[in-house]
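Undergrad:
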Amino acid sequence: MQMLFSGMFIPTLKENPQEAEIISHRLMLRAGMIRKLAAGIYSYLPLGFKVLKKVENIIRSQMNSAGAQELLLPTLHPRHLWEETGRWNEYGKEMLKVLDRHKREFGLGPTHEEIITDLARREIKSYRQLPLILYQFQTKFRDEIRPRFGIMRCREFLMKDAYSFDKDAEGLAKNYDKMYETYNNIFTQCGLEFKLVEADPGLIGGSVSHEYMVLADTGEEELLTCQKCDYAIKAKAEHNLTSCPKCKGKFASIRGIEVGHIFQLGTKYSDLLKANFLDENGKQTPFVMGCYGIGVSRIVAAAIEQSHDDDGIIWQMPIAPFEVLILPISIADDKIMKVSGELYKKLKKEGIDVVLDDRDEQAGVKFKDTDLIGIPIRITVGTKTIKENNVEIKLRKDKNSFKEKISETPCKVKELLKNMK
RNA sequence: CGGGGCGUGGCGCAGUUUGGCUAGCGCGCCUGCUUUGGGAGCAGGAAGUCCCCGGUUCGAAUCCGGGCGCCCCGACCA
Numbered sequence: 002m003q004m005l006f007s008g009m010f011i012p013t014l015k016e017n018p019q020e021a022e023i024i025s026h027r028l029m030l031r032a033g034m035i036r037k038l039a040a041g042i043y044s045y046l047p048l049g050f051k052v053l054k055k056v057e058n059i060i061r062s063q064m065n066s067a068g069a070q071e072l073l074l075p076t077l078h079p080r081h082l083w084e085e086t087g088r089w090n091e092y093g094k095e096m097l098k099v100l101d102r103h104k105r106e107f108g109l110g111p112t113h114e115e116i117i118t119d120l121a122r123r124e125i126k127s128y129r130q131l132p133l134i135l136y137q138f139q140t141k142f143r144d145e146i147r148p149r150f151g152i153m154r155c156r157e158f159l160m161k162d163a164y165s166f167d168k169d170a171e172g173l174a175k176n177y178d179k180m181y182e183t184y185n186n187i188f189t190q191c192g193l194e195f196k197l198v199e200a201d202p203g204l205i206g207g208s209v210s211h212e213y214m215v216l217a218d219t220g221e222e223e224l225l226t227c228q229k230c231d232y233a234i235k236a237k238a239e240h241n242l243t244s245c246p247k248c249k250g251k252f253a254s255i256r257g258i259e260v261g262h263i264f265q266l267g268t269k270y271s272d273l274l275k276a277n278f279l280d281e282n283g284k285q286t287p288f289v290m291g292c293y294g295i296g297v298s299r300i301v302a303a304a305i306e307q308s309h310d311d312d313g314i315i316w317q318m319p320i321a322p323f324e325v326l327i328l329p330i331s332i333a334d335d336k337i338m339k340v341s342g343e344l345y346k347k348l349k350k351e352g353i354d355v356v357l358d359d360r361d362e363q364a365g366v367k368f369k370d371t372d373l374i375g376i377p378i379r380i381t382v383g384t385k386t387i388k389e390n391n392v393e394i395k396l397r398k399d400k401n402s403f404k405e406k407i408s409e410t411p412c413k414v415k416e417l418l419k420n421m422k
C-alpha cells in the first residue's frame, strides 16, 4: 500500500480546540487522530486507528505467546444472563440498555464474565479441556458518571479482556502469574513506564487483584511508590504505611493512569451461573476463573501523556503510527523528489513503516506536522544536503539532527529501528 | 447528581455589560500569480439556523423564561 501523505486523511489542527484540556486529548485532536461525536464517544481517524492497531497487535502477539486463544463475544447481552449473577441491578446505571422489537431487554456489554462463563458451562465438560485462557478485543460500553479527558475515560472504548478457566486454585495461580508476566511484557513493549499495584476487585469481584498504572502527572489515581524498590500502592487504599513494607524505603507520591487490571475471580461466576465440569473423580466442580483486562484505547492516550513536548507527540517506536517520515523540502524540485521517492521505495521494501510527505506545502508546515504527529524518525531531503549526496536524519526525541549518505540511509535507518524497538 | 465555565462559518476568538443599520477578525478552505529549510505574500472567492424553543420590543447574537449540548472539580473505571 502506498503511504503518501498527500492522499491520506490526517486533518491536523494548528490551534488547540477549546474542548480539550489535557495534553493527550489536545494532541490527539490536533494530530487528526480522533474526533468527538458526543461526550465520551469518539471516532478514530486513520492515524489514530493505526496506532490503536499497533497496540492491539502487541497485545495479541503476547497473549498468543502465553497460550491464550482469541475469540469474539457478542456486544448485546440478554438480560436474563445478567440477572443470574445479580449484576443486572448491581451494575445499575452504568450499563447501557436497549430493547429489541419484541421489547426484550439487552445490555450493551460493559465486561464479559457472564457471557464467557455461559459459554464455558455449555461447552467445557471435562477437566481434560482445562486449563484454558480465552480473550478478545472488543468495544465495551459503560455509561460513565462523567466521561472525560477525550479517549481516556469513554463511554465506548476498546478493551482486551481475557478469561482463564482452571480446575483448581493452583491452576488459577499459575495462569494468573502467566498473565501477570504477559502484562508486564505488553506494557514494556509498548514503551510505557508503569507500576504494578495491588487493587480492590470492586464490582468484578474475586480476591487477588492487581492494577497496572502508567505514570503520568495527569493520572487520575494517586500512588505512593517506594524510592528504593519498585513497590507501589494506591494512596487512597486503606493502609497506614509510612514506608515501604518490602524494603522500608521512603514513599514518593506520583500519579498513574490505570491501563490494565487482573483479577483472581475464583468461583464467583461459576457458582452463580452453575458452570461446572467433571473432575478426575467424576464430580461436578465449578471452574476456577481469572479475568484480565487492558484498556487498549486508553494505552494510546496514556502513552501520549507520558511522552510529548511543546511541539507534539513523541511516540515510542513500537506504537508509532509510522516509523519513518521522508520529508522532501520542495516537491517542485525533481532531484529532491527522485531521491525521496527512491528512499521511500527502498525502506518500504525492507518492510519499514514509512510515509512520504509529498504534500505541496511549505517545509515549515511539514516540519510542524511531523513533530505534532510525533513520527520517531524524520528524513529530510533538501537542496543543501542533496548536493553532497546526503540527507538529514532527525529523531523526534532528540534535539539535533545528523547527516547521512543517501546510499547508507536505508542501512542507518534499519540500525536505528533496531535500537528503538 | 452537586459546584464552576462555555456555546457566534471547519478551527481559535471579538461583539453581549449599555438592544440599532450589511455579524466581524485571525487561521483554514477554493482560484490565480509569486514564494519555498520551521505553520509564506498579494489579489479574488466560497462558507453563518449567532445551540434550540418561547417571550419582551418598531427592532434581539445582545434583555427575560425554559430546554439542549460541551468542558472542568467530586463519587465510578480499563
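Numbering (my numbering), first residue to last: 2 to 422. Note that beta-carbon positions come from the ideal geometry of N, C-alpha and C, so glycine has one too.
Say yes only if the C-beta of M2 is nearer than 7 Å to one or more non-hydrogen atoms of the ligand COA, and no if none qualify.
TA: The ligand COA is not part of this structure, which contains no ligands at all.
Undergrad: Is it a yes or a no for the segment 294-304 touching the segment 256-273, going by three-plus beta-carbon pairs under 8 Å?
TA: Yes: the two stretches touch, three or more of their Cβ pairs being nearer than 8 Å.
Undergrad: Helix, strand or coil: which one does DSSP assign to K104?
TA: It is coil, neither helix nor strand.
Undergrad: Tell whether a beta-carbon distance below 8 Å holds between Y1 and K161.
TA: Because the chain spans 2 through 422 in this model, residue 1 falls outside it and cannot be assessed.
Undergrad: Distance, Cα to Cα, E84 vs G33?
TA: Taking the straight line joining both Cα atoms gives about 42 Å.
Undergrad: Assign K422 to one of two classes, buried (16 or more other C-beta atoms within 10 Å of its C-beta) or exposed (fewer than that).
TA: Exposed, since its Cβ has fewer than 16 Cβ neighbours within 10 Å.
Undergrad: Does the beta-carbon distance from Y293 to T118 come in below 8 Å?
TA: In this structure, T118 does not lie closer than 8 Å to Y293 by Cβ.
Undergrad: By the three-class DSSP mapping on this structure, what secondary structure does L328 have?
TA: Note: L328 maps to strand in three-state DSSP.
Undergrad: Drop a sphere of 10 angstroms on the beta-carbon of D372, count the other beta-carbons inside from all chains shown, and report buried for 16 or more, exposed for fewer.
TA: By the 10 Å Cβ count, D372 comes out buried.
Undergrad: Counting C-beta neighbours from all protein chains within 10 Å, is the total for F10 16 or more, i.e. buried, or is it exposed?
TA: Exposed, because fewer than 16 other Cβ atoms sit within 10 Å of the Cβ of F10.
Undergrad: How many whole angstroms separate the CB atoms of S341 and L357, which I take to be in contact at a CB cut-off of 8 Å?
TA: About 6 Å separates the two Cβ atoms, so the contact holds.
Undergrad: Check L197 in the structure and name its three-state DSSP category.
TA: Three-state DSSP puts L197 in a strand.
Undergrad: Contact check, H142 vs P111 under 8 Å by CB: the rounded distance?
TA: At residue 142 the sequence reads Phe, which differs from the His that was named. With 8 Å as the limit, F142 and P111 qualify as a contact, their Cβ atoms being about 6 Å apart.
Undergrad: Taking just the CA atoms, how far does M4 sit from L326?
TA: Cα-Cα distance, rounded: 10 Å.
Undergrad: Tell me the DSSP secondary structure of P287 in three-state form.
TA: In this structure, P287 counts as strand in the three-state DSSP scheme.
Undergrad: Scan the segment 364-395 and note each continuous alpha helix (DSSP H) run of 4 residues or more that stays entirely inside, going in chain order.
TA: Here the runs fully enclosed are 364-374 and 384-387.
Undergrad: Which residue wins for smallest C-alpha separation from K94, given the options R156, F50, H81 and K385?
TA: That would be R156, whose Cα lies nearest to the Cα of K94.
Undergrad: According to DSSP, H211 sits in a beta bridge with which residue or residues?
TA: Answer is E199 and I263, bridged to H211.
Undergrad: Thinking C-beta only, is T410 closer than 8 Å to D344?
TA: At residue 344 the sequence reads Leu, which differs from the Asp that was named. In this structure, T410 lies closer than 8 Å to L344 by Cβ.
Undergrad: What residue from K350, N17, G108 and K339 has the CA that sits closest to T384's CA?
TA: T384 has its Cα closest to that of K339, out of K350, N17, G108 and K339.
Undergrad: Helix, strand or coil, according to DSSP, for T226 in the structure here?
TA: The answer is strand: DSSP assigns T226 an E or B state.
Undergrad: Name the two residues that bound the continuous beta strand (DSSP E) containing M160.
TA: It spans E157 to D167 - the beta strand (DSSP E) in which M160 sits, taken as one unbroken run.
Undergrad: With DSSP as the reference, label Y270 as helix, strand or coil.
TA: Of the three classes helix, strand and coil, the one that applies to Y270 here is helix, per DSSP.
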